[in-house]
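Working notes, beginning with the structure itself.
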Amino acid sequence: MNSAILYALLGGGLIGLASAGMLLANGRILGVSGILGGALRAKPGDTRWRVLFLAGLILGGLLIEPLGFTVMSLEVPRTWIHFVIGGFLVGLGTTIGNGCTSGHGVCGVSRLSPRSLVATATFMIMGIAAVGLIDHLFKAVFK
Amino acid sequence: MKAWLKFTGPFFGGIIFAIGLGVGGMTEAENILGFLDIFGQWKPALIFVMVGAILVYAVTYRLILRRKTPLFEKEFLIPKNKNIDRRLLLGAGLFGIGWGMTGLCPGPGLVSLSSGSEIAFVYVAAMIAGVLFGQSKWANRV
Chain A
0 MNSAILYALL GGGLIGLASA GMLLANGRIL GVSGILGGAL RAKPGDTRWR VLFLAGLILG
60 GLLIEPLGFT VMSLEVPRTW IHFVIGGFLV GLGTTIGNGC TSGHGVCGVS RLSPRSLVAT
120 ATFMIMGIAA VGLIDHLFKA VFK
Chain B
0 MKAWLKFTGP FFGGIIFAIG LGVGGMTEAE NILGFLDIFG QWKPALIFVM VGAILVYAVT
60 YRLILRRKTP LFEKEFLIPK NKNIDRRLLL GAGLFGIGWG MTGLCPGPGL VSLSSGSEIA
120 FVYVAAMIAG VLFGQSKWAN RV
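Protein chains in written order, with numbering that gives the first Met the number 0: chain A, 0 to 142; chain B, 0 to 141.
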């Protein structure tokens with residue numbers, strides 16, 4: 000098997016383990032958007048574990064490069080305007096739709112939750128449509 | 000000890016989650032846009048990350064739920080809602096558009112802050128604004 004596929008499966012496995020750990024220890028679904036949303040709501044007694052998870056996520060990012068993987072490359076054919084509008088839509092959409100790639104895409108699909116299966120299909124189709132418009136149609140029309 | 004573990008668990012969970020994203024190539028926005036780019040140079044990594052994660056979680060989820068309670072809380076908090084409503088479809092659709100515009104969903108977006116890249120901070124600030132707007136009374140009417 001191609002090593003990129005192997006690393007993808009291994010990385011996914013770690014994400015699955017982190018999600019299982021969250022369920023076993025704290026009894027919750029590991030959904031990044033939900034954890035962030037709850038941290039911003041600042042309900043007493045429900046904030047600390049969320050902030051610690053988010054801190055772990057960001058600090059964990061610092062370990063990626065020492066382990067020999069690319070830490071982050073945001074070098075994509077996009078401008079900062081895409082990141083402002085796109086970031087806002089990601090925050091708004093995951094709040095209204097109660098989840099993102101982790102909560103719906105990994106945990107919900109594993110649980111065969113009908114809402115998560117529909118949400119995952121929807122965000123994948125709309126993501127494919129957005130990329131198709133930005134990287135192909137607009138380029139073809141405005142070049 | 001229990002109280003300590005209750006809070007360190009999520010911290011280490013966050014670290015393992017971030018490393019998983021990095022190992023799987025999901026901290027490179029290029030790989031995510033490449034997965035969504037079925038009309039161009041398609042990159043399949045994301046689907047294998049999801050398969051790896053789902054294989055592990057689908058099994059462990061069922062084993063863990065044989066317990067009556069989680070280790071450090073009184074009960075499991077699993078969503079029970081089964082209604083496929085307008086908010087779910089609208090929310091997932093808007094999220095998908097933002098995902099395709101940036102190549103970042105919330106996890107990789109937050110992890111990318113560790114790179115110190117300005118564009119990561121722009122993305123996360125905009126995402127937080129979106130979450131707060133989504134929680135506001137205006138978005139409740141949708």
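By construction, the Cβ of each residue, glycine as well, lies at the ideal position given by its N, Cα and C atoms.
None of the values given here were measured: they were computed from a predicted structure.
Item to check | Distance between residue 28 of chain B and residue 71 of chain A (C-alpha atoms, nearest Å) | outcome: 8 Å
Checklist entry - Can the beta-carbon of residue 105 of chain B be found less than 7 Å from the beta-carbon of residue 99 of chain A? => result yes
Checklist entry - So what's residue 76 of chain B in DSSP terms, helix, strand or just coil? => result strand
Checklist entry - Applying a beta-carbon distance threshold of less than 7 Å, which residues of chain A neighbour residue 128 of chain B? => result 87 and 90
Checklist entry - Would a C-beta distance cut-off of 7 Å place residue 12 of chain B and residue 20 of chain A closer than the cut-off? => result yes
Checklist entry - chain A beta carbons: is any one of them nearer than 7 Å to that of residue 33 of chain B? => result no
Item to check | Chain-ordered neighbours of residue 68 of chain A on chain B, where CB pairs are closer than 7 Å | outcome: 21 and 22
Item to check | Top-ranked residue by Cα proximity to residue 49 of chain B, from A:102, A:114 and A:126 | outcome: A:102
Item to check | Near-chain A residues of the stretch 77-100 of chain B (beta-carbon distance less than 8 Å), N- to C-terminal order | outcome: 77, 78, 80, 81, 82, 83, 86, 87, 88, 89, 90, 91, 92, 93, 94, 95, 96, 97, 98, 99 and 100
Next on the checklist: Please list, in chain order, the chain B residues whose beta carbon lies closer than 7 Å to that of residue 100 of chain A.
Outcome noted: 104 and 106
Item to check | residue 92 of chain A beta carbon less than 7 Å from that of residue 108 of chain B | outcome: no
Next on the checklist: Can you look up residue 61 of chain B in the DSSP assignment and give me helix, strand or coil?
Outcome noted: helix
Next on the checklist: If you follow the alpha helix (DSSP H) that residue 143 of chain A is in, where does it begin and where does it stop?
Outcome noted: Given that chain A is displayed from residue 0 to residue 142, the structure contains no residue 143 of chain A and the question cannot be resolved.
Checklist entry - Touch check for the stretch 8-22 of chain A and the stretch 52-66 of chain B: three-plus C-beta pairs under 8 Å? => result yes
Checklist entry - How close, in whole Å, do the beta carbons of residue 126 of chain B and residue 59 of chain A come, if the pair is a contact with beta carbons under 8 Å? => result No, residue 126 of chain B and residue 59 of chain A are not in contact; Cβ-Cβ is about 18 Å, not under 8 Å.
Next on the checklist: Do residue 49 of chain A and residue 41 of chain A count as a contact pair if the criterion is CB distance below 7 Å?
Outcome noted: no
Item to check | Straight-line Cα distance separating residue 95 of chain A from residue 87 of chain B | outcome: 7 Å
Checklist entry - If we ignore side chains and look at the alpha-carbon of each, how far apart do residue 132 of chain A and residue 3 of chain B end up? => result 49 Å
Item to check | Test: residue 126 of chain A CB closer than 7 Å to a CB of chain B | outcome: yes
Checklist entry - Can you pull the DSSP bridge partners for residue 72 of chain A? => result B:27
Checklist entry - Does the pairing of the stretch 57-75 of chain B with the stretch 22-29 of chain A give three or more beta-carbon distances under 8 Å? => result yes
Next on the checklist: So for residue 27 of chain A, helix, strand or coil by DSSP?
Outcome noted: strand
Checklist entry - Can you find a C-beta in chain A that's less than 7 Å from the C-beta of residue 40 of chain B? => result no
Item to check | Exposure of residue 98 of chain B, with buried meaning 16 or more beta-carbon neighbours within 10 Å | outcome: buried
Checklist entry - Nearest-angstrom Cα distance between residue 83 of chain A and residue 30 of chain A? => result 22 Å
Checklist entry - How is residue 43 of chain A classed by DSSP in three states: helix, strand or coil? => result coil
Checklist entry - Using a Cβ-Cβ distance under 7 Å, would residue 135 of chain B count as near chain A? => result no
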